[in-house]
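Here the structure comes first, spelled out in structure tokens, and everything after it is commentary.
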Amino acid sequence: MKGKFDAKLIPAFIGGSVLCFMGLLILFSPKSDYSVTRGKSLPSLPQATLSGVLNQTTQSSLEIYVEEHFPLRDLLAPVANRMAAFLDLGQVDQVYLLENRQVEQVIGSAAAAQPAIDAISGFLSRQSNSVIGLVPSAWTVYQDQLPSTPDLLDEGQLMADAYNVLDKTRTIDLYSVLTSAQSENLYYTTDNRLSGYGSYLCYRSLIRALGQSSLGLESFDIRHVANGIYGNLYRRTMIPTGPGDTLDEYRSQTGGKVTEMDLQYDGYTAQSQSLYFPEYLNTGDPMSYYLGSGWGVADISTDSAGERSLLLITDDFSNPIVPFLTLHYRQVTVVHLSDATQEQLANLHPEKYTSTLLLFSIQQLTSGSEFATQLRMIGTAS
């Protein structure tokens, strides 16, 4: 006698079929390798290997692949993040949502910064033509608008402690410069980087510390390049807190004009006659409009009179400051420590430049021993 079919199994059967169909759809449908909404590259379909199956790395990679390529993820993420912000008092992924801006919570400690401070001290002692500037985050500058978090890193104290062990005549106080102008829009409202005006204020102090006179704000023609831009903090929260940001170019008829820029990537070099890359404006990384992205070293030539040259050792947060500095030098070499290869760092020779500027964010300073290793590697090639 044949058993009767249990109708109660129908929903389970349908549900299982839908899940199988969705899984196959995700695996085999055409997919992009980049999410503009999230501003990130997406993983490729993992290749199954016997060793990978045995140690379960293939299964883990496949789970991540399916999760990242889920068709509705970009649509559902804002809803999930709004719920998270409601439950966690306006915070999503360590980003606080204020009325008209988003501010990244600073993570780090004074102990974590010590290897970097030691490496900076050693660099300054070896290179007599060098100066150092530390840039506070928006978290510190706009602290009075944020919830009280006494357990977090005190950036001002960390900077003071770092400068106390360095030669004070070679340190640049950007903390006071920015905190004294906190009523201004110094950082982008949807990105953790300095705005055009914030970059100008930093430039003004930096160039003076390098022994030159800064150009007044009236010397610049400020061009609005794009409006409604959403940066890296929005990509993490996917919640708009205003109309977006405006990207500006500060152009001056005074000073050197860029004639060529060589961008050294890992394994090849690209050339450009401009500091600006408009192709990034409609991507998930619009702030790379300034100098592009992914390169380790940029050699910038200008038609400036004289032979002054500058070596800027930094990271991509300072890209909007670079156009100001190029007005004063015949050559500017920009080094992104986090992207430069060992060979690129070793082949740099600070003594060949008129001046060397170390310009670091607090995030860099507290990133761990890798920063110190990279800084010590500079100039080690014979």
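Take 695 as the starting number for the sequence shown in the working numbering and just add one per residue.
For glycine and all other residues, C-beta sits at the position ideal for the given N, C-alpha and C.
Q | Assigned exposure category for residue 708 - 16 Cβ within 10 Å defines buried | A | For this step, residue 708 is matched to residue 14 along the sequence shown. Around the beta carbon of residue 708, a 10 Å sphere encloses fewer than 16 other beta carbons of the protein chains shown; the residue is thus reported as exposed.
Q: Determine the burial state of residue 900: buried for a count of at least 16 other Cβ atoms within 10 Å of its Cβ, exposed for fewer.
A: Position 206 of the sequence shown holds residue 900. Classification for residue 900: buried.
Q) Is the stretch 819-828 in contact with the stretch 857-873, if contact means three or more CB pairs nearer than 8 Å? A) At 8 Å Cβ cutoff, the stretches touch.
Q. Among all the DSSP beta bridges, which residues are the ones paired with residue 812?
A. Locating residue 812 in the sequence shown gives position 118, counting from the first residue. Answer by DSSP bridge pairing: none, since residue 812 is not bridged.
Q | For residue 665: DSSP bridge partner residues | A | Outside the shown range of the chain, which is 695 to 1076, sits residue 665, and nothing can be said about it.
Q.
For the beta strand (DSSP E) containing residue 912, name the first residue and the last one.
A. Taking the sequence shown and counting its residues from 1, the one referred to as residue 912 is at position 218. Run containing residue 912: none; DSSP gives neither H nor E here.
Q) Is residue 1031 near residue 1015, with beta carbons less than 8 Å apart? A) Taking the first residue of the sequence shown as 1, we reach residue 1031 at position 337. Taking the first residue of the sequence shown as 1, we reach residue 1015 at position 321. Not in contact: residue 1031 and residue 1015 (Cβ atoms no closer than 8 Å).
Q. From residue 932 to residue 998, what does the alpha carbon distance come to, in whole angstroms?
A. One-based indexing of the sequence shown puts residue 932 at position 238. One-based indexing of the sequence shown puts residue 998 at position 304. For residue 932 and residue 998, the distance between alpha carbons rounds to 43 Å.
Q) In three-state terms, what does DSSP make of residue 839? A) Taking the sequence shown and counting its residues from 1, the one referred to as residue 839 is at position 145. Residue 839: helix per DSSP, three-state reduction.
Q. Would you report the Cα separation of residue 1023 and residue 1001, rounded to the nearest angstrom?
A. Here residue 1023 corresponds to residue number 329 of the sequence shown, with the count starting at 1. Here residue 1001 corresponds to residue number 307 of the sequence shown, with the count starting at 1. One C-alpha to the other measures close to 7 Å.
**Q.** Residues bridged to residue 994 (per DSSP)
**A.** For the purposes of this step, residue 994 is identified with residue 300 of the sequence shown, where counting begins at 1. 955 and 1026.
Q.
Bridge partners for residue 866 per DSSP, in chain order?
A. Residue 866 sits at position 172 when you count from the first residue of the sequence shown. Answer is 827.
Q. Which residue's Cα is closest to the Cα of residue 793: 813, 1062 and 840?
A. By 1-based counting over the sequence shown, the position of residue 793 is 99. The option with the nearest alpha carbon to residue 793 is 840.
Q. Closest by CA to residue 1052, which one among 801, 994 and 1072?
A. Your numbering for residue 1052 matches position 358 in the sequence shown. Among 801, 994 and 1072, the Cα nearest to that of residue 1052 belongs to 1072.
Q | Cβ-Cβ distance between residue 947 and residue 954 below 8 Å | A | Your numbering for residue 947 matches position 253 in the sequence shown. Your numbering for residue 954 matches position 260 in the sequence shown. Against a cut-off of 8 Å, the Cβ pair of residue 954 and residue 947 comes out as no contact.
Q: Determine, using beta-carbon pairs with one atom in the stretch 1049-1064 and one in the stretch 966-986, whether at least three such pairs fall under 8 Å.
A: no
Q) Which two residues bound the contiguous alpha helix (DSSP H) that contains residue 875? A) Stepping through the sequence shown from its first residue, residue 875 is reached at position 181. Run containing residue 875: none; DSSP gives neither H nor E here.
(Q) Out of 1041, 838, 993 and 789, which one is the CA nearest neighbour of residue 926? (A) In the sequence shown, the residue the question calls residue 926 occupies position 232. 789 is the residue among 1041, 838, 993 and 789 whose C-alpha sits nearest the C-alpha of residue 926.
Q: Starting from the Cα of residue 895, find the closest Cα among 1018, 785 and 950 and give me that residue.
A: Here residue 895 refers to the residue found at position 201 when the sequence shown is read from its first residue. It is 1018.
(Q) When you compare the CB positions of residue 994 and residue 1035, do they come within less than 8 Å of one another, or not? (A) Taking the sequence shown and counting its residues from 1, the one referred to as residue 994 is at position 300. Taking the sequence shown and counting its residues from 1, the one referred to as residue 1035 is at position 341. Their beta carbons are not under 8 Å apart, which means residue 994 does not touch residue 1035 by this criterion.
Q) So does the stretch 805-819 actually touch the stretch 1058-1067, counting three or more Cβ pairs closer than 8 Å? A) Put simply, the stretch 805-819 touches the stretch 1058-1067. At least three CB pairs are less than 8 Å apart.
Q) By the 10 Å Cβ neighbour count, where 16 or more other Cβ atoms means buried, how is residue 960 classified, buried or exposed? A) Here residue 960 corresponds to residue number 266 of the sequence shown, with the count starting at 1. Classification for residue 960: exposed.
Q | Supposed contact pair residue 833 and residue 878 - C-beta distance, whole angstroms, cut 8 Å | A | Here residue 878 refers to the residue found at position 184 of the sequence shown. Here residue 833 refers to the residue found at position 139 of the sequence shown. With a Cβ gap of about 16 Å, residue 878 and residue 833 do not count as contacting.
Q: With DSSP as the reference, label residue 732 as helix, strand or coil.
A: The residue labelled residue 732 in the question sits at position 38 within the sequence shown. At residue 732 the pLDDT is 47, less than 50, meaning the model places this residue with poor confidence and gives no usable figure here.
**Q.** Reduced DSSP secondary structure (H/G/I, E/B, other) of residue 987
**A.** Locating residue 987 in the sequence shown gives position 293, counting from the first residue. Reduced to three states, the DSSP call for residue 987 is coil.
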